Amino acid sequence: MSGPIPFPEFDPIAIEIGPLVVRWYALAFIIGLLAGWGYIITLLRHPPETMISQQVGDFFSWTIIGVIAGGRLGFVGFYQPDYFLANPLQILAVWAGGMSFHGGLIGVMVAIILYARKYHIRVLSLADLVAAAAPIGLFLGRLANFINGELYGRATDVPWAVVFPGGGNIGRHPSQLYEAGLEGLLLFIILFALARFAGARYRPGLITGVFLLGYGAARTFVEFFRQPDTYVGEGGFLIWGSTIGQWLSVPIAIAGLTFIVYAMLHDRLDSKPRAANPAG
5 MSGPIPFPEF DPIAIEIGPL VVRWYALAFI IGLLAGWGYI ITLLRHPPET
55 MISQQVGDFF SWTIIGVIAG GRLGFVGFYQ PDYFLANPLQ ILAVWAGGMS
105 FHGGLIGVMV AIILYARKYH IRVLSLADLV AAAAPIGLFL GRLANFINGE
155 LYGRATDVPW AVVFPGGGNI GRHPSQLYEA GLEGLLLFII LFALARFAGA
205 RYRPGLITGV FLLGYGAART FVEFFRQPDT YVGEGGFLIW GSTIGQWLSV
255 PIAIAGLTFI VYAMLHDRLD SKPRAANPAG
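Be aware that the sequence shown starts at 5, since it is given in the working numbering, and climbs by one per residue.
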């Protein structure tokens, strides 16, 4: 039997033009943002009308703030509250690393609610657009995690085990790729089919619910293969060998199921609501 696969030697810098340096995670964020933007505009070409395409860029600026602020505060609150209480200025050091998807999700939800209320858009209809595009960013983000050799999996002897830098001279699950496949590619295909062929956008909240259920279930599953975050618990493990990622993801899956039930119990949209003027 052959040994584990050596980790490919990736340059940590994706693009370098003179003084401009773009690392892989930043590149994934930028491409994910642009691809998500374009995909939402594509969805808006088909009924029901949620907002006009000219509003998407304005809304995305709100979303970026929600992702960064929520992701950082989520990491602070969920993973290292004691450290940041003792070092509050470090909360602002986003460049030093430390973001939480679960916190970013909360930040985006706040941005959706505030924007929808300001421009008189259905909150769940707007959330459905974001949810449909979100797997694109998740897919690219997990690929960047793999390239960076971070957030790797637990030790294993499966044939596709990878020896990650910083993970010891042992094979580990490439859990970043598991997440890219489940949270990213598979979930995108499911949501695309629902939005494009099943008329899911006529039931506000349905796409959002499927996204939350799919992400929560996928993340909970992959956590069994992912090396736990050592910030919390004994070696990253909590009660019954669970992880903080699972404790944060199970409620997301339950919330998703709730949204699905809500969407299916309410009447299907019959008319196209007029999108608000982006100028307010």
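Yeah, the Cβ is synthetic: ideal placement off N, Cα and C, and Gly gets one too.
From a predicted model like this one, the values you see are computed outputs, not experimental measurements.
Item, Value
"May I ask you to report which of helix, strand or coil DSSP gives I193?", "helix"
"Do I45 and V60 have their C-beta atoms closer together than 8 Å?", "yes"
"State whether the segment 159 to 169 contacts the segment 127 to 139, with contact taken as three or more CB pairs (one from each stretch) at a distance under 8 Å.", "no"
"Please state whether DSSP places G157 in a helix, a strand or coil.", "strand"
"Kindly give me the distance between the Cβ atoms of A115 and T67, rounded to whole angstroms, as I take these residues to be in contact under 8 Å.", "5 Å"
"Can you grab the Cα-Cα spacing for the pair A39 / V112, in whole Å?", "17 Å"
"Go through its chain and collect everything with a Cβ distance to H106's Cβ below 6 Å, but skip five positions before and after it.", "G78 and L252"
"If you draw a straight line from the C-alpha of L186 to the C-alpha of G70, how long is it?", "24 Å"
"Confirm, please, whether the CB-CB distance from G209 to L128 is below 8 Å.", "yes"
"Give me the Cα-Cα distance between A259 and T212, rounded to the nearest whole angstrom.", "10 Å"
"Hey, would you say P232 sits closer than 8 Å to F241, going by beta carbons?", "yes"
"The beta strand (DSSP E) with R27 in it runs from where to where?", "L24 to R27"
"What are the boundary residues of the alpha helix (DSSP H) that E20 is part of?", "That residue, E20, is in no alpha helix (DSSP H); its beta strand (DSSP E) goes I17 to I21."
"Compare the beta carbon distance of L47 and A199 with 8 Å and say whether it is the shorter of the two.", "yes"
"Select from F225, R49, I21 and F33 the residue whose C-alpha is nearest the C-alpha of N149.", "F33"
"Just to confirm, are M268 and R207 a CB contact at a threshold of 8 Å?", "yes"
"Taking all protein chains shown into account, decide if T234 is buried (16 or more other Cβ within 10 angstroms of its Cβ) or exposed.", "exposed"
"Can you give me the start and stop residues for the alpha helix (DSSP H) that P178 sits inside?", "Run containing P178: none; DSSP gives neither H nor E here."
"Measuring alpha carbon to alpha carbon, tell me which of Y119, F263 and Y43 ends up nearest S65.", "Y119"
"Assuming F11 and V265 form a contact by the criterion Cβ under 8 Å, report the distance between their Cβ atoms to the nearest whole angstrom.", "That pair is no contact at about 44 Å."
"Under 8 Å between the Cβ atoms of I140 and G36?", "yes"
"Where does P10 sit, in a helix, a strand or coil, going by DSSP?", "strand"
"Quick one: what's R76 bridged to in DSSP?", "Answer is none; R76 lacks a bridge partner."
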